[in-house]
Structure formats: C-alpha cells, structure tokens
Amino acid sequence: MDIFGLVLVIAVAFGFAYTNGFHDSANAIATSVSTRALTPKAALLMAAVMNLLGAFLGEGVAQTVSKGIIATPSGGHGMVILWSALIGAIAWNLVTWYFGLPSSSTHALFGGMVGAALAGGTQVYWTGLWEKVILPMITSPIAGLILGFALMVAILWIFRHSNPHRSKRGFRVAQTVSAAAMALGHGLQDTQKTMGVVVMALTISGHYSGNNIPTWVKISTALVMALGTWAGGWRIMRTLGRRIIELDPPQGFAAESVSSLVLYVTAYVYKVPVSTTHVITSAIMGVGATKRVRAVRWGVAKDIVLGWFITLPAAGLVAALVFWLSWAIVG
Numbered sequence: 005m006d007i008f009g010l011v012l013v014i015a016v017a018f019g020f021a022y023t024n025g026f027h028d029s030a031n032a033i034a035t036s037v038s039t040r041a042l043t044p045k046a047a048l049l050m051a052a053v054m055n056l057l058g059a060f061l062g063e064g065v066a067q068t069v070s071k072g073i074i075a076t077p078s079g080g081h082g083m084v085i086l087w088s089a090l091i092g093a094i095a096w097n098l099v100t101w102y103f104g105l106p107s108s109s110t111h112a113l114f115g116g117m118v119g120a121a122l123a124g125g126t127q128v129y130w131t132g133l134w135e136k137v138i139l140p141m142i143t144s145p146i147a148g149l150i151l152g153f154a155l156m157v158a159i160l161w162i163f164r165h166s167n168p169h170r171s172k173r174g175f176r177v178a179q180t181v182s183a184a185a186m187a188l189g190h191g192l193q194d195t196q197k198t199m200g201v202v203v204m205a206l207t208i209s210g211h212y213s214g215n216n217i218p219t220w221v222k223i224s225t226a227l228v229m230a231l232g233t234w235a236g237g238w239r240i241m242r243t244l245g246r247r248i249i250e251l252d253p254p255q256g257f258a259a260e261s262v263s264s265l266v267l268y269v270t271a272y273v274y275k276v277p278v279s280t281t282h283v284i285t286s287a288i289m290g291v292g293a294t295k296r297v298r299a300v301r302w303g304v305a306k307d308i309v310l311g312w313f314i315t316l317p318a319a320g321l322v323a324a325l326v327f328w329l330s331w332a333i334v335g
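Going letter by letter, the sequence shown gives residues 5 to 335 in the working numbering.
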C-alpha cells in the first residue's frame, strides 16, 4: 500500500507539473508571440527547452516547498494529504485555464497544501507561509510593476531620437533573448515546486532521507513540465498578450527582462517561490502605463488580480474536500 500510495502521489505530482507547463507556458511567450517576435511554434519550443534547462539551476525553492510550508506528515495519512493537495491545485489550474485566467499555479499548489494539511490535522508553518508565500505574492508583482515602468521609461528616453521602425525591428530580435531568459526563470522557479512535493512523498514513504534533490527527480519533473509547455496555453496567452494592452516589441522586451530579473533574484537570493504569472502580468501593466495610464485595460487587470487572491483559498477548499472524501474511503 505504501508503494502504491507513493507511485500514485508521484504520478499526480507529474500531472500537476504537466498542467503547470501548459498553464504557465503563456507567461514566457505571450509577449513575444503578440509582438510577432516569434512564431507560436518556435516560441513554445524555445520555452519548453529553456524550462527544461532551468530545472537544473538550483534547489532553494524546492527545499522551501518540501520543508518550509507544512510539517511533513507520516505514513498513509501523509500520502492522502499530498494527493489531496495536488488534486486541489490541478483542479484550480484546469478551471482557470478553461476561462483563460492567468492565475498562479504556484499559489494553487500552496493553497492545496495548506487546505489538505488543515483538513488532515497536520501542522501548517504559518510564519513560513507568510514569509515564503504571502509576502512574496504581494511584493513580487509590485516589483514587476515598478521596474517594468522604470525600464520602459529608460528605453523611451534612450531611443527617443531613433527611427521607430528600425528600433522595433531591433527589439523584436532582442525579444528572443528576453523571452528565453523568462522561460529559463520559469523553469528555475516552477519545476522546483513539483520537485519539492516529490521529495516530500519520498520522505514520507521512507525511500529518501537526504537533503538534496535526487537527480532522477530533477530530470523526470523537468521533462514532464517541458512536455506540458509544448502542449501550450493559448487561452491564457491571448489574455496576457492582447487583452491587458496591445504590446509592441520594446514593451515586450521590457516586460520580459524585468520578469526574468525578479524570478532570478527571488530564486537565488531569497529562495522563495513566486508566481511567474503574477510577475509577468504586473510587468506588462507597468510598461503599458508608460504609454498612458488609460492604455492599460484595468478592468481586465482587476479580474486577474481578483483571481490571484482567490487562488489560495479556492485550491485549499478543493484540497480539503478531496482529503475528507479520500480519507473516508481509505482511512
């Protein structure tokens, strides 16, 4: 039963990684596709490859996920908690994907973990949740908004005397680099979250007691997320690339560059998991506001922000319901 539970939880974790890939692939490539810097197929292939590479660049975020949010539960009870957390996160990913809402797979996972832990009577590290999840959820979009605005202002000033058509061509080429950096940052951040859950499952089952992430976990998780990325996320891509504001190449370059910076700093310096969705969306708002504040479709932005704040409790509620149902069957 322990082996069956372990295999089941790892399979569901890979399912979450796959949905994370197609749900969040738009984060890295929406701006490049909407500005025609890259074709959709080329952008998806690039994002899949860079997501794969990004998975091998660090472990700090995975350690936070596996040890810093909830106490590691034990035995079959612990496996049901992890199973329920992942089902809650996957369910919310699918709902928001269907409606084209760029919500956070990151916070869907953490909402699922907290909801399942509370339902299962497992300790939640509230200080860790605040410091590692809630606070970065607030500060990272603010950083994306401010830095996006600042970088776009700098670009407008530096290229104020340049030929507009020539500048746009140049930034369209530069976007291939900034989009790749964004995809690499997404792999660095998001793949590690699934790795952390898999390591927790291995620890609960008694099959692992080390501190580092096993190589096979890195490789398998990265491959699954890359496949999910290749599957694409066209509904969300339309929201990010067109509905918030019509982007041009300089704006796309600025938004992607700022988002990449935030992802790298939070992963390497602070070792906190942040949402690539939150960061790129706020950066798009920031660069768009330099055109004129009313150029940003703030009604759409408001709906997106509302989705951010309901993700944690919504995924947590689903996870809690799944736990009670599952434990009633197997407990």
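C-beta atoms are modelled at their ideal positions from N, C-alpha and C, and glycine is treated no differently.
query: If you check the beta carbons only, do Pro253 and Gln179 fall under 7 Å apart?; result: yes
query: Starting from Glu260, trace the alpha helix (DSSP H) both ways and give me its first and last residue.; result: Pro253 to Val269
query: I believe Ala34 touches Gly152 by the beta-carbon criterion, under 8 Å. Please report the beta-carbon distance rounded to the nearest angstrom.; result: Rounded, the Cβ-Cβ distance is 14 Å, inconsistent with contact.
query: Kindly indicate which three-state DSSP category Val181 falls into: helix, strand or coil?; result: helix
query: Tell me the DSSP bridge mates of Ile284?; result: According to DSSP, Ile284 bridges with nothing at all.
query: On the criterion of 16 or more Cβ atoms from any shown chain inside 10 Å, does Ser108 qualify as buried, or is it exposed?; result: buried
query: Could you give the uninterrupted runs of the alpha helix (DSSP H) lying entirely in the region 104-190, keeping only those of 4 residues or more?; result: 109-123, 130-133 and 139-162
query: Should Pro317 be labelled buried (16 or more other beta-carbon atoms within 10 Å of its own) or exposed?; result: exposed
query: With the cut-off set at 7 Å, would you say Asp6 and Thr280 are in Cβ contact?; result: no
query: Trp392: buried (16+ other C-beta within 10 angstroms of its C-beta) or exposed?; result: No answer is possible for residue 392: the residues shown for the chain start at 5 and end at 335.
query: Tell me the rounded alpha-carbon separation between Ser144 and Ala293.; result: 18 Å
query: Would the beta-carbon of Phe18 fall within 7 Å of that of Val228?; result: yes
query: What first and last residue would you give for the alpha helix (DSSP H) that runs through Lys295?; result: Where Lys295 is concerned, there is no enclosing alpha helix (DSSP H), given that its DSSP letter is neither H nor E.
query: Can you check whether the CB of Val84 is closer than 7 Å to the CB of Trp331?; result: yes
query: Under the three-state reduction of DSSP, which class applies to Ile94: helix, strand or coil?; result: helix
query: Name the one or two DSSP bridge partners that Ile314 has.; result: For Ile314, which the question treats as bridged, DSSP gives no partner whatsoever.
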